[in-house]
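Enquirer: Okay, handing you the structure first.
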Amino acid sequence: MAQMRMPSTEDLMSMWQASGLKQKIIFTFLMIAVFRLGAQLPLYGINNAVFANIASGNNIIGFLDLFTGGALGNVSIFALGIGPFITSSIIVQLVSVVIPSLEKLQTEEGEAGRRKLSQYTRIFTVVLAVFQSLVFMIFMRHLPGAIMPGVNHHLFFISSVAVLTAGSMLVMWISELITEKGIGNGGSLIIFVGIISGIPVYAGRTAQMVSHSTSLQLGLLLLLAIFFVTMIFIVIMQEAVRKVIIVNPKRQVGNKVYGGMNSFIPFKLNPGGVMPIIFAVAILLFPSTVLSLISQMNFKNEAAKDFIMNLTHYMSPDGIVYYVLYFLMIVGLTFFYASIMPNMQPKDIAKNLKKYGSSIPGVKPGKPTAEALDKILTKTTFIGAIALGIIALVPSFASYITNIKTLQGIGATSLIIMVGVALDLINQVKTHLLARNYESFLKE
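Numbering-wise (our numbering), the sequence shown opens with residue 22 and increments by one.
This is the structure we're talking about:
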């Protein structure tokens with residue numbers, strides 16, 4: 022039996038050069054560089070220091086600033102980040118399940134239908150970006166010292182809304198270019214880069230906080246250990262699959278018999294990957310951010326001010342209501358993703374199995390197979406959704422137990438996104454290298 026030869030350094034370099042992987046990675050890095058440059062360019066007429074002080078002391082704004090890579094804290098042209106595009110994608114996907122015409126575009130009209138849905142998503146992104154820009158600039162106008170002296174307030178307001186909206190659309194365009202011509206999912210990668218860029222800031226704050234306290238230093242070690250264990254469970258969650266055994270029929274061609282080998286259908290324990298987490302955060306942070314910005318304004322009516330403050334507290338990442346909603350949304354969005362993924366449709370899978378004469382052992386073809394697969398998928402997705410929800414909460418609670426709250430921004434949400442995006446990148450690189458390896462093997 023021939024032994025499989027491990028690829029040498031020369032083989033890997035050859036695959037790297039010939040597979041087009043180098044060009045994709047270079048293009049991805051260039052797009053990320055453009056995004057990071059835009060995140061540092063401030064809006065004209067803004068005093069960044071005033072808003073930066075609020076961002077550092079407000080958990081919601083600080084958490085949102087982490088996902089924008091510091092663009093929000095800098096009040097840059099990319100202050101809205103990828104948020105409007107992510108929120109728009111969520112809404113369009115949810116609505117497409119309810120509205121038959123949109124569902125038809127997604128399921129029956131192939132690539133042309135998906136392009137139309139993408140166009141609807143872009144249009145709605147503009148609407149959300151304009152709305153968020155208006156809310157943000159209304160807040161900045163009421164924030165003492167935020168606007169530089171001598172600036173025309175009306176002209177500044179209109180131009181800033183236009184620039185923020187354009188910046189959000191440019192971020193969306195960059196993410197789509199990365200997805201199409203680079204490596205990985207553009208939206209996830211932009212969030213990933215934003216989180217990575219914020220780690221030194223969080224590390225510096227934490228080091229300063231624990232430097233004079235032995236108990237806090239021990240608490241930090243415990244928290245980092247919990248983070249490490251969480252990362253291990255995240256990897257397990259991302260890679261775990263439920264294998265459903267499939268019996269394939271035998272076919273006789275002349276004197277030879279083909280087929281008859283057992284195979285399996287892999288159902289991922291976490292079918293949505295990092296998207297349920299990203300979507301849950303986007304949905305929760307949208308109203309929380311608006312409330313947080315409104316609560317910073319000067320209210321003449323004390324009753325209205327108290328109501329806004331209480332609502333902001335309940336919806337902030339410090340409140341139990343936020344974590345309950347966060348957990349429920351992760352579970353619900355995991356089921357939602359499982360329901361819309363093409364390779365996880367029990368009826369379609371059962372139909373294809375029957376078409377090719379394959380079957381699940383002990384289950385009749387057709388409707389019984391679809392029902393059996395539906396039960397398996399429901400149980401698998403339920404386990405994955407609950408596990409993902411628990412993993413998302415553990416580091417946040419650990420931050421409270423250890424009293425190290427400076428790393429709360431880099432909690433399970435950020436860990437899951439970072440690990441998930443990193444695994445996706447590794448898998449895509451492997452796919453490109455393996456494709457090139459197979460091409461070389463066929464030529465030989």
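Where is the CB? At the ideal position from N, CA and C, for every residue including glycine.
Between the alpha carbons of Ala413 and Phe348, how many angstroms are there, rounded?
Expert: 8 Å
Enquirer: According to DSSP, what are the bridge partners of Ser284?
Expert: According to DSSP, Ser284 bridges with Ile267.
Enquirer: Evaluate Ile304 with the Cβ neighbour count: other Cβ atoms within 10 Å of its Cβ, from every protein chain shown; 16 or more gives buried, anything less gives exposed.
Expert: buried
Enquirer: Assuming Phe300 contacts Thr401 under a Cβ cut-off of 8 Å, what Cβ separation, rounded to an integer in Å, is found between them?
Expert: Phe300 to Thr401, Cβ: 20 Å. No contact.
Enquirer: Please name the residue, chosen from Gln259, Ile211, Ile247 and Lys451, that lies closest to Val415 on a Cα-to-Cα basis.
Expert: Ile247
Enquirer: Can you tell me whether DSSP reads Met262 as helix, strand or coil?
Expert: In the sequence as displayed, the identity of residue 262 is Val instead of Met. Note: Val262 maps to strand in three-state DSSP.
Enquirer: Tell me which residue opens and which closes the alpha helix (DSSP H) that Val222 is part of.
Expert: Gly207 to Val231
Enquirer: Note down the Cα distance separating Met350 from Asn95, rounded to an integer number of angstroms.
Expert: 30 Å
Enquirer: Taking 8 Å as the threshold, find out whether the region 379-390 comes into contact with the region 205-217 through three or more Cβ pairs.
Expert: no
Enquirer: Could you give the distance in angstroms between the alpha-carbon of Lys388 and the alpha-carbon of Val118?
Expert: 23 Å
Enquirer: Going straight from the alpha carbon of Met22 to that of Asp86, what length do you get?
Expert: Unreliable positioning characterises Met22 in this predicted model, as indicated by a pLDDT of 38, which lies under 50. The coordinate reading is nonetheless provided below. If you take the alpha carbons of Met22 and Asp86, they lie about 57 Å apart.
Enquirer: Which residue's Cα is closest to the Cα of Ala408: Pro63, Gly353, Thr142 and Gly171?
Expert: Gly353
Enquirer: State the DSSP-derived secondary structure class of Ile98, mapped to helix, strand or coil.
Expert: In the displayed model, Ile98 falls within coil according to three-state DSSP, outside both helix and strand.
Enquirer: Would the beta-carbon of Gly188 be found less than 8 Å away from any heavy atom of the ligand MG?
Expert: Although the ligand MG was asked about, the structure shown includes no ligands whatsoever.
Enquirer: Alpha carbon to alpha carbon, how far is Ile404 from Leu290?
Expert: 7 Å
Enquirer: How about Phe152 and Gly66: are their beta carbons less than 9 Å apart?
Expert: Taking 9 Å as the Cβ cut-off, Phe152 and Gly66 do not qualify as a contacting pair.
Enquirer: Taking the C-alpha atoms as reference points, what is the distance between Leu115 and Val172?
Expert: 42 Å
Enquirer: Tell me the rounded alpha-carbon separation between Gly294 and Ile179.
Expert: 39 Å
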